[in-house]
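Asker:
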Amino acid sequence: MKNLISMRDLSKKEILDLMKLAEKIETGKLKPDMSDKLGALIFYEPSTRTQFSFATAMKRLGGQTVTMRGTGSTSVKKGESFADTLQTIAQYTDIIVIRTAVEGSARYASEVVDIPVVNAGDGANQHPTQALLDLYSIVKTQGTLENLTIGVVGDLKFGRTVHSLVQALSDFNPKLYFASPSHLKMPPYILDDLREKNIEFEEIRDIEKIIDKLDLMYVTRIQKERFTDPEDYEKVKGSYIINKNMLKSVKSNFKVLHPLPRVDEIATDVDDTPYAYYFQQAKNGVFMRQAIFTTLLGSAE
Amino acid sequence: MKNLISMRDLSKKEILDLMKLAEKIETGKLKPDMSDKLGALIFYEPSTRTQFSFATAMKRLGGQTVTMRGTGSTSVKKGESFADTLQTIAQYTDIIVIRTAVEGSARYASEVVDIPVVNAGDGANQHPTQALLDLYSIVKTQGTLENLTIGVVGDLKFGRTVHSLVQALSDFNPKLYFASPSHLKMPPYILDDLREKNIEFEEIRDIEKIIDKLDLMYVTRIQKERFTDPEDYEKVKGSYIINKNMLKSVKSNFKVLHPLPRVDEIATDVDDTPYAYYFQQAKNGVFMRQAIFTTLLGSAE
Amino acid sequence: MKNLISMRDLSKKEILDLMKLAEKIETGKLKPDMSDKLGALIFYEPSTRTQFSFATAMKRLGGQTVTMRGTGSTSVKKGESFADTLQTIAQYTDIIVIRTAVEGSARYASEVVDIPVVNAGDGANQHPTQALLDLYSIVKTQGTLENLTIGVVGDLKFGRTVHSLVQALSDFNPKLYFASPSHLKMPPYILDDLREKNIEFEEIRDIEKIIDKLDLMYVTRIQKERFTDPEDYEKVKGSYIINKNMLKSVKSNFKVLHPLPRVDEIATDVDDTPYAYYFQQAKNGVFMRQAIFTTLLGSAE
Numbered sequence: 382m383k384n385l386i387s388m389r390d391l392s393k394k395e396i397l398d399l400m401k402l403a404e405k406i407e408t409g410k411l412k413p414d415m416s417d418k419l420g421a422l423i424f425y426e427p428s429t430r431t432q433f434s435f436a437t438a439m440k441r442l443g444g445q446t447v448t449m450r451g452t453g454s455t456s457v458k459k460g461e462s463f464a465d466t467l468q469t470i471a472q473y474t475d476i477i478v479i480r481t482a483v484e485g486s487a488r489y490a491s492e493v494v495d496i497p498v499v500n501a502g503d504g505a506n507q508h509p510t511q512a513l514l515d516l517y518s519i520v521k522t523q524g525t526l527e528n529l530t531i532g533v534v535g536d537l538k539f540g541r542t543v544h545s546l547v548q549a550l551s552d553f554n555p556k557l558y559f560a561s562p563s564h565l566k567m568p569p570y571i572l573d574d575l576r577e578k579n580i581e582f583e584e585i586r587d588i589e590k591i592i593d594k595l596d597l598m599y600v601t602r603i604q605k606e607r608f609t610d611p612e613d614y615e616k617v618k619g620s621y622i623i624n625k626n627m628l629k630s631v632k633s634n635f636k637v638l639h640p641l642p643r644v645d646e647i648a649t650d651v652d653d654t655p656y657a658y659y660f661q662q663a664k665n666g667v668f669m670r671q672a673i674f675t676t677l678l679g680s681a682e
Numbered sequence: 382m383k384n385l386i387s388m389r390d391l392s393k394k395e396i397l398d399l400m401k402l403a404e405k406i407e408t409g410k411l412k413p414d415m416s417d418k419l420g421a422l423i424f425y426e427p428s429t430r431t432q433f434s435f436a437t438a439m440k441r442l443g444g445q446t447v448t449m450r451g452t453g454s455t456s457v458k459k460g461e462s463f464a465d466t467l468q469t470i471a472q473y474t475d476i477i478v479i480r481t482a483v484e485g486s487a488r489y490a491s492e493v494v495d496i497p498v499v500n501a502g503d504g505a506n507q508h509p510t511q512a513l514l515d516l517y518s519i520v521k522t523q524g525t526l527e528n529l530t531i532g533v534v535g536d537l538k539f540g541r542t543v544h545s546l547v548q549a550l551s552d553f554n555p556k557l558y559f560a561s562p563s564h565l566k567m568p569p570y571i572l573d574d575l576r577e578k579n580i581e582f583e584e585i586r587d588i589e590k591i592i593d594k595l596d597l598m599y600v601t602r603i604q605k606e607r608f609t610d611p612e613d614y615e616k617v618k619g620s621y622i623i624n625k626n627m628l629k630s631v632k633s634n635f636k637v638l639h640p641l642p643r644v645d646e647i648a649t650d651v652d653d654t655p656y657a658y659y660f661q662q663a664k665n666g667v668f669m670r671q672a673i674f675t676t677l678l679g680s681a682e
Numbered sequence: 382m383k384n385l386i387s388m389r390d391l392s393k394k395e396i397l398d399l400m401k402l403a404e405k406i407e408t409g410k411l412k413p414d415m416s417d418k419l420g421a422l423i424f425y426e427p428s429t430r431t432q433f434s435f436a437t438a439m440k441r442l443g444g445q446t447v448t449m450r451g452t453g454s455t456s457v458k459k460g461e462s463f464a465d466t467l468q469t470i471a472q473y474t475d476i477i478v479i480r481t482a483v484e485g486s487a488r489y490a491s492e493v494v495d496i497p498v499v500n501a502g503d504g505a506n507q508h509p510t511q512a513l514l515d516l517y518s519i520v521k522t523q524g525t526l527e528n529l530t531i532g533v534v535g536d537l538k539f540g541r542t543v544h545s546l547v548q549a550l551s552d553f554n555p556k557l558y559f560a561s562p563s564h565l566k567m568p569p570y571i572l573d574d575l576r577e578k579n580i581e582f583e584e585i586r587d588i589e590k591i592i593d594k595l596d597l598m599y600v601t602r603i604q605k606e607r608f609t610d611p612e613d614y615e616k617v618k619g620s621y622i623i624n625k626n627m628l629k630s631v632k633s634n635f636k637v638l639h640p641l642p643r644v645d646e647i648a649t650d651v652d653d654t655p656y657a658y659y660f661q662q663a664k665n666g667v668f669m670r671q672a673i674f675t676t677l678l679g680s681a682e
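Those protein sequences? They're chains A, B and C, same order as listed.
Taken in order, the first sequence gives residues 382 to 682; the numbers are from the working numbering.
Taken in order, the second sequence gives residues 382 to 682; the numbers are from the working numbering.
Taken in order, the third sequence gives residues 382 to 682; the numbers are from the working numbering.
#1: What does VAL644/C reach in chain A if we use C-beta pairs closer than 8 Å?
#2: Quick check on the DSSP output: the alpha helix (DSSP H) that includes LEU575/B runs from which residue to which?
#3: Between the region 558-569 of chain B and the region 495-507 of chain B, can you find at least three pairs of beta-carbon atoms closer than 8 Å?
#4: Just confirm the distance between the C-beta atoms of THR474/A and LEU419/A, as a whole number of angstroms; I'd bet it's less than 8 Å.
#5: Run through chain C and tell me which residues come within less than 8 Å of MET400/A, C-beta to C-beta.
#6: In its own chain, which residues sit with a C-beta less than 8 Å from the C-beta of PHE539/B, not counting the 5 before and 5 after it?
#7: With respect to the beta strand (DSSP E) encompassing LYS590/A, which residues constitute its N-terminal and C-terminal limits?
#8: Who are the neighbours of ASP574/A on chain C, taking C-beta pairs under 7 Å?
#9: Starting from the C-beta of ALA471/B, find all residues in its chain whose C-beta is less than 6 Å away, skip the five residues before and the five after it, and write them out in chain order.
#10: Using beta carbons (cut-off 7 Å, strictly below), is VAL483/C in contact with chain B?
#11: Measure the alpha-carbon distance for GLY666/B versus ASN554/C and round it to whole angstroms.
#12: Ignoring anything shorter than 3 residues, give me the beta strand (DSSP E) runs that lie fully in the region 478-561 of chain A, in order along the chain.
#13: With a Cβ-Cβ cutoff of 7 Å, do ILE423/A and ILE479/A count as a contact?
#14: Assuming contact is defined by CB atoms lying nearer than 7 Å, are PRO534/C and VAL617/C in contact in what I supplied?
#15: Among THR408/A, LYS664/A, ASP596/A, which one has its Cα closest to the Cα of THR522/A?
#16: With distances taken Cα to Cα, identify the nearest neighbour of LEU550/A among ILE519/A, MET382/A, PHE463/A.
#17: Closer than 6 Å by C-beta to ASP515/A: which residues in its own chain qualify, once you throw out the five before and the five after it? Chain order, please.
#18: Which residues in the same chain as ARG488/A place their Cβ atom closer than 7 Å to its Cβ, once the five residues preceding and following it in sequence are excluded?
#19: Does chain A have any CB closer than 7 Å to the CB of LYS688/C?
#20: For ASP552/B, is the classification buried or exposed, using 16 other Cβ atoms within 10 angstroms of its Cβ as the cut-off for buried?
#21: Classify ALA421/C: buried if its beta carbon has 16 or more other beta carbons within 10 angstroms, exposed otherwise.
#22: Do ILE592/C and VAL631/C have their C-beta atoms within less than 7 Å of each other?
#23: Below 8 Å on the Cβ atoms is my guess for ALA438/B versus GLN671/B; work out the distance and round it to an integer in Å.
#24: In chain order, what residues of the same chain have a beta carbon less than 8 Å from the beta carbon of ASP574/B, not counting five sequence neighbours either side?
#25: At the level of alpha carbons, what is the spacing between ASN624/A and ALA403/B?
#26: 7 Å is my cut-off, CB to CB: does PHE635/A come that close to chain B?
#27: For GLU461/C, which of helix, strand or coil comes out of DSSP?
#28: If you run the structure through DSSP and keep just helix, strand and coil, what is ARG389/A?
#29: Out of curiosity, what's the CA-to-CA distance linking GLU682/B and ARG389/C?
#30: Rounding to the nearest angstrom, what Cα-Cα distance links SER392/B and HIS639/B in this structure?
#31: Please return the same chain residues whose Cβ sits closer than 6 Å to the Cβ of ASP398/B, not counting the five positions on each side in sequence.
#32: Measure the CB-CB distance between MET415/A and GLY444/A and report whether it falls below 7 Å.
#33: Is PRO569/B buried or exposed, if buried means 16 or more other CB atoms sit within 10 Å of its CB?
#34: Can you list the residues of chain C that ILE470/A reaches, using a CB-CB cut of under 8 Å?
#35: Can you give me the C-alpha to C-alpha distance between PHE668/C and GLY619/A, rounded to a whole angstrom?
#36: When DSSP labels each residue in this structure, what does PHE424/A get in the three-state scheme?
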């Protein structure tokens, strides 16, 4: 592993190795020392949460960060090419974490510079560190990634998070239920992928009917902006809100995950139940990103 | 002490303990180690100076910070609740320093998260770390907080700094003189408080008449925006400007304090006198904030 | 050396000492420890690249930074004077790096505060750390600063970088060729300076004719905004573009330097030749800035 650009680049073994490494770091069995490391956080598209998580991961290992936000790039204003900006930053730092609105830009960055590149989200395409922290959260709560029954709820069309997650899960024989408004369904190319790999899945309307079968439910935000008619949004949004009342007879190992930020798709009365796992999931992201830094910077020994 | 939200939460003993702790840190008798600590600086309302002071305090103890500025909060734009933002940040960091324009928001934050919260100013309400650094500056220059004669000058109506300071001083039997434009007087509820505690105070017009009695004078900025008629501002502002000429026969222990930034309420010819203490006061803020971090993070042993 | 404001303040010996120090730091012979140092990066005029370079220099020596960007200075908005802002920041930090659009402001800053000040560019005036890293790049590639034949190409009128560099080189007996559009020629006061010091120089039209004589070529960006008639820009710009084709018979020690960012004045086909040195030059800037911090903060022993 030289870079982390897409979940598609990772073998099943590499995924499992990252899980084990994150667990070792979380439990203190491994203490990578990054005190001589400097990470560049380049966020052309802002994301406070993701940026904080990467900065926390680096700083808690003793390393440091320099940050460039979308509006901060004066060189770009002066007409510098993206490749030159990257090559210059690569002179200063040991690793580049990059988030942009443009699909493929993280891959391009990794081809331009000699230091490792981590994709922190390139448009609607990939967000692999989110997928990996989701998998890590699943392992921690279920003890395994294999043979789980998982509900995926919300905007399945534009949610890059769920795309990466479903692709990653397809190596672990899940049973999947997809619940979304009709015009925000999982894209056909992903369903085709699943069919090819013989993964069992079902597109459903009513999550309540199947909730008791689930080991976990992965909920994402439905963005109002995705609806041309605001009334349509008001009509459907209620169908994809999880509340405490729905959780009466779920399995004891059941957990609700969410990449955050949430708006109202999980009622706050769920927060105090033992099924809420989304804030812990955010914390898991720090350990997973530490595992990624450790792997890419070769600091594991 | 789990949080620092308001001076009203602090007992006299807790205040004095913080003074002693700041002194130990300043003199190097105590060297708290924050190398495993990460502080979140959340500044919804910007304040370069306060933010620098907190960052300096943490970094000079070996710790690190992550910073979110008002405009930086992309999660808020996506519709996330204040509580969710705080709970997520609490997954990453060990302590939250928060400044907002909304009264009560720091208290609310402390109720939402499990990690310590420091109020760095919530609207016109409280700014307890400023009050504590002011007290520390008084102790350092006067040797005590007890029985001092203090002039308080400027905008006494809207200045949260002077409100917190006067409340804190009321435990130490001061004699107080208040000088302000007539429509920017100290609010009645604070005067009532002082009367109840039998604190001697006087509202005066002319600071020059009483300046020789003072152990110290605390000056604040009068904001032009507080006047509906700009001419009124021009009329009164001269009456509340301290200059070198006025300091001819002050007591030898006399000091001028100011929370900064100043505009013109202290003439620059005062800067070179032995009575100017406002820049040292800013420096004292770092030691006081280190004492606060040390207390809240339990790093004193 | 108490501050670094202008190349004119530096003696030949001081320049050579900084070269040696940068080399010791780069090769690891000297490891200055800045773990108790905090640097203020004050960038009233934004410059991502320069800011990153200074932050990298400090952080890779174990030190920390606090950063104030142009729009971030809330105290300025509140009416605080430049002197007060500086004096306050000097209470918190050990060194101030300052960039402004106003000539002379770095000098003024150094007169106001007691801690060292580094000029990171004051308008069209000086940018001494850039000049020093340019000299360091010359030493590294040529083995010496003495008796070199150097082409200087681009906007020689407004380019503060080339002004500082040429002034600095004038202590080392170079032979200089200046190539620029006719209205962007080297200012007469600099040419007079060179004549006075008996430095050989020539203003030329066609760089190709003399390129084989050069030990190195220093290229700068020609800003479109400098032309009143856009057609004039289109006419001349081609004459000052360096491409691979022009480098066929250059000397083996020949290098192309550029302060970056470049736009199109160096074709990207030059990047893969052994003559391209501009990205390494950016990296050299970190070592030079570490040498400057080390000298000014007295951490060399």
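All C-beta atoms in this analysis are idealised placements derived from N, C-alpha and C, irrespective of residue type, glycine included.
Small disclaimer: the values here were computed from a predicted structure and weren't measured.
Answerer: Walking through what the data contain:
#1: LYS459, GLY460, GLU461
#2: 569-577
#3: no
#4: 5 Å
#5: What MET400/A touches in chain C: nothing, since even the nearest Cβ is about 31 Å away.
#6: So the list reads ALA505, LEU565, GLN604, ARG607, once near-sequence residues are dropped.
#7: That residue, LYS590/A, is in no beta strand (DSSP E); its alpha helix (DSSP H) goes 588-591.
#8: Residues of chain C passing the Cβ test: none, with the nearest at roughly 38 Å.
#9: VAL494, ILE496
#10: It does not: the Cβ of VAL483/C has no partner Cβ on chain B nearer than 7 Å.
#11: 52 Å
#12: 498-503, 530-534, 556-560
#13: A Cβ-Cβ contact shorter than 7 Å links ILE423/A with ILE479/A.
#14: Sequence inspection shows Val at residue 534/C; the Pro mentioned does not correspond to that position. Their beta carbons are not under 7 Å apart, which means VAL534/C does not touch VAL617/C by this criterion.
#15: ASP596/A
#16: ILE519/A
#17: LEU546
#18: For ARG488/A, the CB contacts under 7 Å within the same chain, skipping 5 residues up- and downstream, are ILE386 in chain order.
#19: In the structure as shown, chain C begins at 382 and stops at 682. Residue 688/C is therefore absent and cannot be evaluated.
#20: buried
#21: Under this definition ALA421/C is a buried residue.
#22: In this structure, VAL631/C lies closer than 7 Å to ILE592/C by Cβ.
#23: 5 Å
#24: GLN548, SER551
#25: 48 Å
#26: no
#27: coil
#28: helix
#29: Any reading at GLU682/B is ruled out, since the residue's pLDDT is 49, under 50, leaving its predicted position unreliable.
#30: 25 Å
#31: none
#32: yes
#33: It is exposed - the Cβ of PRO569/B has fewer than 16 other Cβ atoms within 10 Å.
#34: Those within 8 Å of ILE470/A in chain C are PHE433.
#35: 59 Å
#36: strand
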